[in-house]
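My numbering applies: residue 13 is where the sequence shown begins, and numbers increase by one.
Positions of the beta carbon are idealized from the N, C-alpha and C atoms, including for glycine.
Working notes, structure below.
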Amino acid sequence: MRALMRLEWVRALLVAELLVALAGIVLTSLVALVLGYVTPDNTLVISGRITSVINVGGEKVNPEKVEEVLSTHPQVQQVAALALPNEQGLNEVCALIVPRKGPTLATGLIKSFCEDRLPAHFVPSRIILVKSLPKNEMGKVNRQMLPDLVKNMQN
Numbered sequence: 013m014r015a016l017m018r019l020e021w022v023r024a025l026l027v028a029e030l031l032v033a034l035a036g037i038v039l040t041s042l043v044a045l046v047l048g049y050v051t052p053d054n055t056l057v058i059s060g061r062i063t064s065v066i067n068v069g070g071e072k073v074n075p076e077k078v079e080e081v082l083s084t085h086p087q088v089q090q091v092a093a094l095a096l097p098n099e100q101g102l103n104e105v106c107a108l109i110v111p112r113k114g115p116t117l118a119t120g121l122i123k124s125f126c127e128d129r130l131p132a133h134f135v136p137s138r139i140i141l142v143k144s145l146p147k148n149e150m151g152k153v154n155r156q157m158l159p160d161l162v163k164n165m166q167n
């Protein structure tokens, strides 16, 4: 009985996603978690999606790929890539970098490093050097806190 209920829930989510797509809302990723809830009258409400894929001018950017390449740079200790809106409200790839101790890390050199190793739409438009990245209780980068970190640095 429980497995049947789970199957019905999955089926309901798939139908809801189809309805959202048919309504003209652009889905940002095929692999994402759906946010939603069930109302007291058993109506499924889709309220959003959790995805790390960045949409840059219609091109999909996997932030993990950007991080993978940047982490190979000898002066990069840690990196997190995320989407940040530009002045026009369009997404740009932003890289938050914790540099290794040693010579000052030049953001222009990081950009050139990326241009040699990544497709053009994957290259971060903004590179921000930070002292540390926020971590969750498991010691992993807390991606939900990254936009606030950038916002606090700009204030």
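Neighbourhood of residue i by C-beta distance below 8 angstroms, restricted to the same chain and skipping five residues each side
i: Ile-139; result: Cys-106, Ala-107, Ile-109, Thr-119, Ile-122, Lys-123
i: Ser-83; result: Gln-90, Val-91
i: Pro-86; result: Arg-112
i: Pro-146; result: Val-153, Asn-154, Met-157, Leu-158, Leu-161
i: Lys-143; result: Val-110
Residue interval of the beta strand (DSSP E) (run including residue i)
i: Leu-121; result: Per DSSP, Leu-121 belongs to no beta strand (DSSP E); it is in the alpha helix (DSSP H), 119–127.
i: Lys-72; result: 71–73
i: Arg-138; result: 138–141
i: Asn-67; result: 66–68
Opening and closing residue of the alpha helix (DSSP H) in which residue i lies
i: Glu-149; result: Counting along the chain, Glu-149 falls outside any alpha helix (DSSP H), and DSSP gives it neither H nor E.
i: Val-162; result: 158–166
Helix, strand or coil at residue i according to DSSP, with G and I counted as helix
i: Leu-108; result: strand
i: Gln-100; result: coil
i: Val-78; result: helix
i: Leu-130; result: coil
Test: residue i CB closer than 8 angstroms to a CB of chain C
i: Pro-52; result: Among the chains of the structure shown, chain C does not appear; only one protein chain is present.
Where residue i falls, given that 16 or more other Cβ within 10 Å makes a residue buried
i: Glu-79; result: buried
i: Pro-131; result: exposed
i: Val-50; result: exposed
i: Ser-136; result: In the sequence under discussion, the amino acid at residue 136 is Pro, which differs from the Ser named in the question. Classification of Pro-136: buried, given that the 10 Å Cβ count is 16 or more.
i: Pro-52; result: exposed
Proximity of residue i and residue j at Cβ, strictly below 8 angstroms
i: Glu-104; j: Leu-96; result: yes
i: Leu-158; j: Leu-102; result: no
i: Val-81; j: Cys-126; result: yes
Own chain partners of residue i with C-beta closer than 6 angstroms, once the 5 adjacent residues on each side are dropped
i: Glu-71; result: His-133
i: Lys-163; result: none
i: Asn-98; result: Glu-104
Chain-order list of residues whose beta-carbon lies under 7 angstroms from that of residue i (same chain, five-residue window excluded)
i: Pro-75; result: Ser-64, Ile-66, Ala-93, Leu-94
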